[in-house]
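Protein chains in written order, with our numbering: chain A, 2 to 304; chain B, 2 to 304.
2 protein chains.
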Amino acid sequence: MATDRTATPAEKFAYFDERTSAAIVNARMGAGIDPRLRQVISVIVKHLHAAAREIEPTPEEWLAAINFLTEVGHTCTDWRQEFILLSDVLGVSMLVDALNHHRPPGATENTVLGPFYLPQAPHYPNGANICLDGKGEPMVVRGRVLDAAGNPVAGATLDIWQTNDDGFYDVQQKGVQPEWNLRGVFTSAADGSYWFRSVKPRYYPIPDDGPVGVLLRALGRTPNRAAHCHFIVTAPGFERVVTHIFTPDCPYLHEDAVFGVKESLVANFVRVTDAAQAASLGVAAPFWSVNWDFTLVAAMSSG
Amino acid sequence: MATDRTATPAEKFAYFDERTSAAIVNARMGAGIDPRLRQVISVIVKHLHAAAREIEPTPEEWLAAINFLTEVGHTCTDWRQEFILLSDVLGVSMLVDALNHHRPPGATENTVLGPFYLPQAPHYPNGANICLDGKGEPMVVRGRVLDAAGNPVAGATLDIWQTNDDGFYDVQQKGVQPEWNLRGVFTSAADGSYWFRSVKPRYYPIPDDGPVGVLLRALGRTPNRAAHCHFIVTAPGFERVVTHIFTPDCPYLHEDAVFGVKESLVANFVRVTDAAQAASLGVAAPFWSVNWDFTLVAAMSSG
C-alpha cells in the first residue's frame, strides 16, 4: 500500500496476514491524521516488519530486545540520554546530521554536537588561552573563516569547547577543573582570521556504564571517541556549522564510537620545538601548531 | 558488506560516509563476537539507516523520536510493559509469533499470549462454570481436541482465561471480581472432548494512558481488542497452541488494536433460547452456544 493515501475499507479492516503484515498495520491508520506522521510510521512499520522477517527472532530473542530497550529507557534521566547514545553508536545520529546538512564540496562539513556543549561560554579576544589550569601539551590554532568563494568572513563567531589532557570536559570534573575551562567564544577579524591558545585534546569514552556500554562490549567495539575540539561557527547570512577538528595521531581516529570522524575534519598537528616561535605566541615549547580554515555556505544554499 | 563475515581492516577503520553508513557501522564489529548477535545487529542497522534515509527526519523530528522512546521506557514498570504494547500495536508481536509457528493448513493457529495469563488457575472437571460471579450472558463452549489426522487427543490440557462482561480480567479488578474468576484448566476426555460454561467475553482497551495510547490516538486507531477467550492447549507429543476464539459480532473484530484476529479463529456463536436445552446444560436461557475443535500438530513438525 502506498504511504500517501488512506486505506480502502477492505485494507483497513483486514485480519492479520504474515505475508502482508506491514501493509495491514499501516492500512489501519485513520483518514484524518497528520500526513507526515502517516509517512513516518509507514516507513518505520515497513522496516520493522522487514527486519523481523530477516532476523526471525525466537520469542526469547524478541523478549531480550524488549528488555534491552526497557533498560535503555530506564537509564535515561534528566542528565543522561541513553537513547541518544544508542542512536550515536549505531551511526544514526551522524546519518541524520548528514541528511540535514548537504553542502557543496569544499564547505566545512558538520559532525555531531555531542552532549557537552554549554551556551554562554566566555568571550575572548583572538589569541586568548582557553586552558585555565595550564595542564597538557600547549596547542595554538590559527586560521580564517571564509565564504564559498574564498573571501574572508569578518565578525564570524567561533564557539569552541574540548576536553582537557585527561579526556574530561569541565562539566564532568566540577571542582577539579576551573569553571569554563577549555571553552571560549572568539570572533573573526576583518581579514577573516581567528586564533586561540589551548592544549591538545585527548580521546575519551562515552558513558559506557549502561546498556549501550554492554552492547558495545558485546559488539567488540571501543567506547572511545577520537580526540577532537568542538566548534560552532556562525555568521549572519551563512549556514551554521557544527563541527570538530580531529587530531591525526589519536589511537581511536578510525574507531570513533559515534562515527563522528570525516576525512575532511582531520587536521594537521605540527609539533613545534622552536622556543622563540613559542615565546612569540605566548606558549612554552614544544607546542602543537594547527592551521585550520572554515568555509561557510550562504544560508539559503543549505540542502 | 555481508553479515556473516568479519570486516576487512579497510572496512573496519573507514570514516563515516553518508552513502554507505550502515555498512560502515556494521564493519566496526569485532572479530570474535557472537555470530547471531552480529547477524541481528547487521539487519537492525541496515533497516534503521534505510528508514532514516527514507524519512529524512529533521533534527527536531529525530529528537521527538528519542523523546517518545524515552517516555515508553519510563512508562515500563514491574507491572506495565509499554515496549511490548508498542510491539503489539505495530503488529510486530503477531509477526514474531507467526514466524515461530508455521503450521500446516487445518491446524489451529496461534495468536498473542497477552499480558493477563496467570499460571496455576484452578483445575475443573468438564462442564464446570468458570464464571464465579454470575454476571454476563451465559456461554457454553463444547468441542474436541484432535490431531492432524482428525483422531481424538485424550488428556490434553486446556488453560482458559477471559474478561468478564465489563471487559476486565480478574487481576484488573481485585476485590471486585472473585479470585480466579473466568479462569480454569480443563482436560480432554477419552474421545478428545471438552466443555465448559462461562459468559460471553467483551472487547476491552489495552492500557492507553501512556505514550502508546497517545500514538494510537494520533494514528486514528482504536485501543480496543476484539472480544475473545484465551486458550493454551497442550498435550504430550504435540506442539503447544497459544490462541484465542473471537466472537463474530464484536464491533472491533476488524480493528483489533494488536492485530490478534485471524479468520480461522473467529467462532460461530449461536444464540439458544430453548429453556429445556439450557436447563440440561445448567445455564439460563438465552445462552450462547459455541462449538470449537482444536487441531494440534506433532511437536517435531513445528516450523
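Even glycine gets a Cβ: it sits at the ideal position worked out from N, Cα and C.
| Asked | Found |
| --- | --- |
| Just grab the DSSP bridge partners of L216(A) for me. | Paired residues: none, contrary to the question. |
| At the level of alpha carbons, what is the spacing between V41(B) and P212(B)? | 27 Å |
| Check the Cβ-Cβ distances between F239(B) and every residue of chain A, and say whether any is below 8 Å. | no |
| Assuming L183(A) contacts L91(B) (C-beta within less than 8 Å), just tell me the rounded distance between them. | Not confirmed; about 44 Å, so no contact. |
| Enumerate, from N- to C-terminal direction, the unbroken beta strand (DSSP E) stretches of 3 or more residues contained entirely within the region 7–65 of chain A. | none |
| Listed from N- to C-terminal order along the chain, which residues in the region 94–115 of chain B have their beta-carbon within a distance smaller than 7 Å of any beta-carbon of chain A? | M95, L96, V97, A99, L100, N101 |
| Given this structure, state the Cα-to-Cα distance separating P202(A) from F270(A), to the nearest angstrom. | 11 Å |
| Is there contact between the region 17–37 of chain B and the region 21–34 of chain A, where contact requires at least three CB pairs shorter than 8 Å? | no |
| Can you tell which of A51(A), I233(A), A299(A) has the C-alpha that lies nearest to the C-alpha of L114(A)? | I233(A) |
| In whole angstroms, what is the alpha-carbon distance linking F69(A) and A258(A)? | 19 Å |
| Which residues in the same chain have their Cβ closer than 6 Å to the Cβ of G304(A), if we skip the five residues on either side of it in sequence? | Low confidence applies to G304(A): its pLDDT is 42, below 50, so where it sits in the model is not reliable, and the reading given next is rough at best. Around G304(A): H103. |
| Chain A partners of Y16(B), CB-CB under 7 Å? | V262, K263, E264 |
| Taking C-beta pairs closer than 7 Å, name the residues in chain A that M301(B) reaches, listed in chain order. | Within chain A, no residue comes near M301(B); the closest Cβ sits about 17 Å away, beyond 7 Å. |
| Name, please, each residue of chain A whose Cβ falls closer than 9 Å to the Cβ of L86(B). | Those do not exist, as L86(B) stays about 10 Å from chain A at its closest Cβ, beyond 9 Å. |
| Does DSSP put S290(A) in a helix, in a strand, or in coil? | strand |
| Look at the alpha carbon of A3(B) and the alpha carbon of V46(B), and state the distance between them as a whole number of angstroms. | Interpretation of A3(B) is limited by its pLDDT of 44, a score under 50 that renders its predicted location unreliable; the figure taken from the coordinates is listed afterwards. So the two alpha carbons sit approximately 13 Å from each other. |
| Indicate the three-state DSSP secondary structure (helix, strand or coil) for S194(A) in the structure shown. | strand |
| Rounded to the nearest angstrom, what separates S302(A) and R54(A) at their Cα positions? | Annotation note: pLDDT 48 at S302(A) (below 50); position unreliable, no value reported. |
| Is S302(B) helix, strand or coil by DSSP? | Since pLDDT at S302(B) reaches only 48, below the 50 mark, its modelled position is unreliable, and no value is offered. |
| Just checking: is the beta-carbon of G304(B) within a distance shorter than 8 Å of some beta-carbon in chain A? | Below a pLDDT of 50, predicted positions are generally treated as unreliable, and G304(B), at 42, falls in that range; the measurement from the model is reported next regardless. Not one chain A Cβ lies under 8 Å of G304(B). |
| Check the Cβ-Cβ distances between D35(B) and every residue of chain A, and say whether any is below 8 Å. | yes |
| Starting from F84(A), trace the alpha helix (DSSP H) in both directions and tell me its first and last residue. | 83–90 |
| Any C-beta of chain B sitting closer than 8 Å to the C-beta of I161(A)? | no |
| By a C-beta neighbour count over all protein chains shown, 10 Å radius and 16 as the cutoff for buried, is A300(B) buried or exposed? | exposed |
| What number of angstroms, rounded off, separates the C-alpha of I85(B) from the C-alpha of P249(A)? | 45 Å |
| How about W196(A) and N127(A): are their beta carbons less than 8 Å apart? | yes |
| Since Q163(A) sits in a beta bridge, which residues does DSSP pair it with? | C230(A) |
| Rounded to a whole number of angstroms, what is the C-alpha to C-alpha distance between M140(A) and S290(A)? | 6 Å |
| I'd like the span of the alpha helix (DSSP H) that includes V97(A), first residue to last. | 93–101 |
| Please report whether the beta-carbon of V141(B) lies at a distance below 8 Å from any beta-carbon of chain A. | no |
| Tell me where the alpha helix (DSSP H) around L297(A) begins and ends. | Here L297(A) belongs to no alpha helix (DSSP H), and DSSP marks it neither H nor E. |
| Three-state secondary structure (DSSP) at N130(A)? | strand |
| What residues from chain B crowd round A52(A), counting only those whose CB sits closer than 7 Å? | V44, I45, H48 |
| Is the beta carbon of T158(A) sitting closer than 8 Å to the one on T244(A)? | no |
| With respect to the beta strand (DSSP E) encompassing L147(B), which residues constitute its N-terminal and C-terminal limits? | 139–147 |
| Say whether the region 212–221 of chain B touches the region 72–81 of chain B, bearing in mind that this needs 3 or more beta-carbon pairs closer than 8 Å, one atom from each stretch. | yes |
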